[in-house]
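S.K.: Dumping the structure here so I can ask a few things about it.
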Amino acid sequence: MTSKISSTASGVGRVLIAIYAVMALGATARSVFQIATKFSEAPLAYVLSALAGLVYIVATVALVRSGRRWFRVALVAIAFELVGVVTIGTLSVVDAVLFPADTVWSSFGAGYLFVPLALPILGLLWLYRVRSSQENR
Amino acid sequence: MVEWFVWVQIVIAAVAGVTAVIVGFAGVKPNDYTLGATLLVEALLAVQLVMAVIAPAFGNVATGSALEFWIYLVSAILIPPAAVMWGLIERNRWSTVVLGVACLSIAVMVYRMSQIWFVQLA
Chain Z
1 MTSKISSTAS GVGRVLIAIY AVMALGATAR SVFQIATKFS EAPLAYVLSA
51 LAGLVYIVAT VALVRSGRRW FRVALVAIAF ELVGVVTIGT LSVVDAVLFP
101 ADTVWSSFGA GYLFVPLALP ILGLLWLYRV RSSQENR
Chain B
1001 MVEWFVWVQI VIAAVAGVTA VIVGFAGVKP NDYTLGATLL VEALLAVQLV
1051 MAVIAPAFGN VATGSALEFW IYLVSAILIP PAAVMWGLIE RNRWSTVVLG
1101 VACLSIAVMV YRMSQIWFVQ LA
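Just so you know, the sequences run in chain order Z and B. Mapping of the first sequence onto this note's numbering: position 80 corresponds to residue 80, and the numbering continues sequentially without gaps. So the mapping is simple: this note's numbering equals the position in the second sequence, first residue as 1, plus 1000.
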């Protein structure tokens, strides 16, 4: 991979990166606030919230960087998010005490207009497209 | 926060955002209109910042956590300049969509800020 721009960061991938960057900023800042002010209310939920924020940062960086290794990092980070939003989303509906409504993955990301649910799906579709276009080269 | 100003801000950010996303996908590069609209959104955030600083002196205080409100406001203020810089450096249609994403994010964040200010029970 010698091109200056990584393939995952080209075209509409640019837009994906911008949304990931906003989510990284939003989720991380909010979880820092939650852990700093009301950690004892729902420790598990807020730790997972912080983890989600960190994974958004990793995904943002991995999509910007080029190369096979970063592609794999992006794949793992985005897949992790999908598992996270589906698992925590379901748990938050089943057990509202363990997972209060104000974490990024609660109720499948309803507090963030379901962006946390839509984003990993779009991300995986995008990675799939990038990979198949590279194989056809 | 002043409620009518919040709604002016949300509507302008939402309209600017939706417009930029649509024209961006249609192939328009960042131009004076889309960049200008994003700067307008930023200017309104700056006004909101000043208002949020002086409002408590007039008895207009946040009903929710002031700290959470400020985290949102400071995060929001960072977003439009980043998108505008992106639009100036990389002049293609996707940068226009990025401008739109930035403006839509601001619309959502200002709405969240208004909830913290007006209706938070915590």
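Heads up, the beta-carbon is just placed ideally off N, CA and C, and yes, glycines get one too. These numbers come from a predicted model, not from an experiment.
Since Z/L63 and Z/I121 are thought to touch, with beta carbons under 8 Å apart, how far apart are those beta carbons, to the nearest angstrom?
M.R.: Here residue 63 of chain Z corresponds to residue number 63 of the first sequence, with the count starting at 1. Here residue 121 of chain Z corresponds to residue number 121 of the first sequence, with the count starting at 1. Not confirmed; about 15 Å, so no contact.
S.K.: Tell me whether Z/K38 sits in a helix, a strand or coil according to DSSP, three-state version.
M.R.: Here residue 38 of chain Z refers to the residue found at position 38 of the first sequence. DSSP places Z/K38 in helix when its eight states are reduced to three.
S.K.: Pull out every residue of the region 1054 to 1077 of chain B whose Cβ sits closer than 9 Å to any Cβ of chain Z, in chain order.
M.R.: Taking 9 Å as the Cβ-Cβ cut-off against chain Z, the residues of the region 1054 to 1077 of chain B that qualify are S1065, L1067, E1068, I1071, Y1072, V1074, S1075.
S.K.: Applying the 10 Å Cβ sphere with the 16-neighbour rule, what's the burial state of B/E1042?
M.R.: On the second sequence, residue 1042 of chain B is found 42 positions in, with the first residue counted as 1. Its Cβ being crowded by 16 or more others within 10 Å, B/E1042 is buried.
S.K.: Within the 8 Å Cβ cut-off, does B/W1094 reach chain Z?
M.R.: Here the question's residue 1094 of chain B lines up with position 94 in the second sequence. Yes, its Cβ sits closer than 8 Å to a Cβ of chain Z.
S.K.: Listed in chain order, which residues of the region 5 to 23 of chain Z have Cβ atoms closer than 7 Å to some Cβ of chain B?
M.R.: Within the region 5 to 23 of chain Z, the residues whose Cβ lies closer than 7 Å to some Cβ of chain B are G11, V12, R14, V15, A18, I19, V22, listed in chain order.
S.K.: Is the CB of Z/L25 under 8 Å away from at least one CB in chain B?
M.R.: Numbered from its first residue, the first sequence carries residue 25 of chain Z at position 25. So yes, Z/L25 belongs to the interface.
S.K.: Is there at least one Cβ from chain B nearer than 8 Å to Z/M1's Cβ?
M.R.: The residue you call residue 1 of chain Z lines up with position 1 of the first sequence. Interpretation of Z/M1 is limited by its pLDDT of 44, a score under 50 that renders its predicted location unreliable; the figure taken from the coordinates is listed afterwards. False, the Cβ-Cβ gap to chain B never drops below 8 Å.
S.K.: Against chain B, with Cβ distances strictly below 8 Å, would Z/L63 count as a contact?
M.R.: For the purposes of this step, residue 63 of chain Z is taken as the residue at position 63 of the first sequence. No, Z/L63 does not count as interfacial toward chain B.
S.K.: Closer than 8 Å, CB to CB, is Z/L113 near chain B or not?
M.R.: Looking up residue 113 of chain Z in the first sequence gives position 113. Yes, contact with chain B.
S.K.: What's the C-alpha gap between B/V1050 and Z/R69?
M.R.: Here residue 1050 of chain B is taken as the residue at index 50 of the second sequence, counted from 1. Here residue 69 of chain Z is taken as the residue at index 69 of the first sequence, counted from 1. C-alpha separation (whole angstroms): 46 Å.
S.K.: For B/M1001, which of helix, strand or coil comes out of DSSP?
M.R.: As a working note, residue 1001 of chain B is residue 1 in the second sequence. Correct three-state label for B/M1001: coil.
S.K.: Label Z/S133 either buried or exposed according to how many other C-beta atoms from any shown protein chain fall within 10 Å of its C-beta, with 16 as the threshold for buried.
M.R.: Mapped onto the first sequence, residue 133 of chain Z falls at position 133. The residue is exposed, with fewer than 16 neighbouring Cβ atoms inside 10 Å.
S.K.: So B/P1081 and B/I1106 are in contact, right, with Cβ under 8 Å, and what is the actual spacing, rounded?
M.R.: Start at 1 with the first residue of the second sequence, and residue 1081 of chain B comes out as number 81. Start at 1 with the first residue of the second sequence, and residue 1106 of chain B comes out as number 106. With a Cβ gap of about 12 Å, B/P1081 and B/I1106 do not count as contacting.
S.K.: So, does the CB of B/I1079 fall closer than 8 Å to a CB anywhere in chain Z?
M.R.: If you number the second sequence from 1, residue 1079 of chain B lands on position 79. Yes, B/I1079 lies at the interface with chain Z (some Cβ there is under 8 Å from its Cβ).
S.K.: What's the call for Z/A50, buried or exposed, on a 16-neighbour Cβ count within 10 Å?
M.R.: Start at 1 with the first residue of the first sequence, and residue 50 of chain Z comes out as number 50. Classification of Z/A50: buried, given that the 10 Å Cβ count is 16 or more.
S.K.: Would you check if there are 3 or more beta carbon pairs closer than 8 Å linking the region 1092 to 1111 of chain B to the region 1052 to 1063 of chain B?
M.R.: Contact fails: fewer than three Cβ-Cβ distances are below 8 Å.
S.K.: Is it buried or exposed for B/G1059, if we count other Cβ within 10 angstroms and need 16 for buried?
M.R.: Mapped onto the second sequence, residue 1059 of chain B falls at position 59. Exposed, since its Cβ has fewer than 16 Cβ neighbours within 10 Å.
S.K.: Note the first and the last residue of the continuous alpha helix (DSSP H) segment covering Z/E135.
M.R.: Against the first sequence, residue 135 of chain Z aligns to sequence position 135. First-last of the alpha helix (DSSP H) with Z/E135: 115 to 135.
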